[in-house]
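K.L.:
Mapping to numbering that gives the first Met the number 0: the sequence shown position 187 is 186, numbers consecutive. Glycine included, each C-beta is placed from N, C-alpha and C at the ideal position. Fair warning: this is a prediction, and the values are worked out from it, not measured in the lab.
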Amino acid sequence: MKNSLLSIYNIAKKDLLIELRNKDVILSISGFGTIIIFIFSFAFDVGSSLSSSTAAGILWSSISFASITGINRSFMLESENDTLEALIMAPISRDIIYLGKVVGNFIFITISEMVILPIFAILFNFSILSLEFITCCLLANIGFSVVGTLFASLSIKVRAREVLLPMLFLPCIIPILFSSIEATSMIFQGKGWNDLSIWFQLTVAFNLIFLIFSLFISNVIYED
0 MKNSLLSIYN
10 IAKKDLLIEL
20 RNKDVILSIS
30 GFGTIIIFIF
40 SFAFDVGSSL
50 SSSTAAGILW
60 SSISFASITG
70 INRSFMLESE
80 NDTLEALIMA
90 PISRDIIYLG
100 KVVGNFIFIT
110 ISEMVILPIF
120 AILFNFSILS
130 LEFITCCLLA
140 NIGFSVVGTL
150 FASLSIKVRA
160 REVLLPMLFL
170 PCIIPILFSS
180 IEATSMIFQG
190 KGWNDLSIWF
200 QLTVAFNLIF
210 LIFSLFISNV
220 IYED
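1. Taking 7 Å as the limit between beta carbons, can you name the residues of its chain near Ser144, skipping five residues before and five after?
2. State yes or no: is the C-beta of Ile155 within less than 8 Å of the C-beta of Ser63?
3. Note the first and the last residue of the continuous alpha helix (DSSP H) segment covering Phe177.
4. Buried or exposed: Leu130, going by 16 or more other Cβ atoms within 10 Å of its Cβ?
5. What first and last residue would you give for the alpha helix (DSSP H) that runs through Lys190?
6. Anyone know if the C-beta pair for Leu164 and Phe150 falls short of 8 Å?
7. Assign Asn218 to one of two classes, buried (16 or more other C-beta atoms within 10 Å of its C-beta) or exposed (fewer than that).
8. For Phe39 and Ile57, what's the separation of their Cα atoms in angstroms?
9. Return the residue from the list Leu19, Ile67, Ile96 that minimises the CA-CA distance to Phe215.
10. In angstroms with no decimal places, state the Cα-to-Cα distance between Ala11 and Leu169.
11. So, with DSSP's three-state summary, where would you put Ser50?
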């Protein structure tokens, strides 16, 4: 157990060290997400009141599209540097490789949201400073990382992966998007934990189901 956790940590640490040098993934996510937020701000009159459900939809649409862009970029770097091949040849199980990549992508998305969310809050005048909202973001980030890592791993050797990955990713995260949009809308309305619990539970259930499925097929994902 200890060795497995150490291997997961080392894989995630490797991704973070590469990102510190290149800054490709975080810049891709935060940059693309910010651009989408600005586009929506031009489409809507930011000076007028925007419904909480519309604002939540704008936010999570931006984050989801930006996340898959960043995850795709992280695996492109793996492919270009042949680092994934080295991991597969290492004496560790394939599910450990998958979990290490999930942790790395989760950290990338979370750091990028620290740029996207303040810009959203300023442009659309919604408060994001609450424990409920942070919980909603972290649960969604886990789901995006679990699903995105699975499909990015499966499509890494496909020639048209830039097209295939969003086509696989976006339909599968609909439960996460739906739950996150509903929960965020309620948070913007001032609702508390009792009202939000059903949406948080739905996100957790989806994350667990997809994680278990991904671990079950991890040997297929990372074939030699």
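P.N.:
Looking at the coordinates:
1. Val101, Asn104, Phe105, Ile108
2. no
3. 173-187
4. exposed
5. Segment: none, Lys190 is in no alpha helix (DSSP H) and carries neither H nor E.
6. yes
7. exposed
8. 7 Å
9. Ile96
10. 24 Å
11. coil
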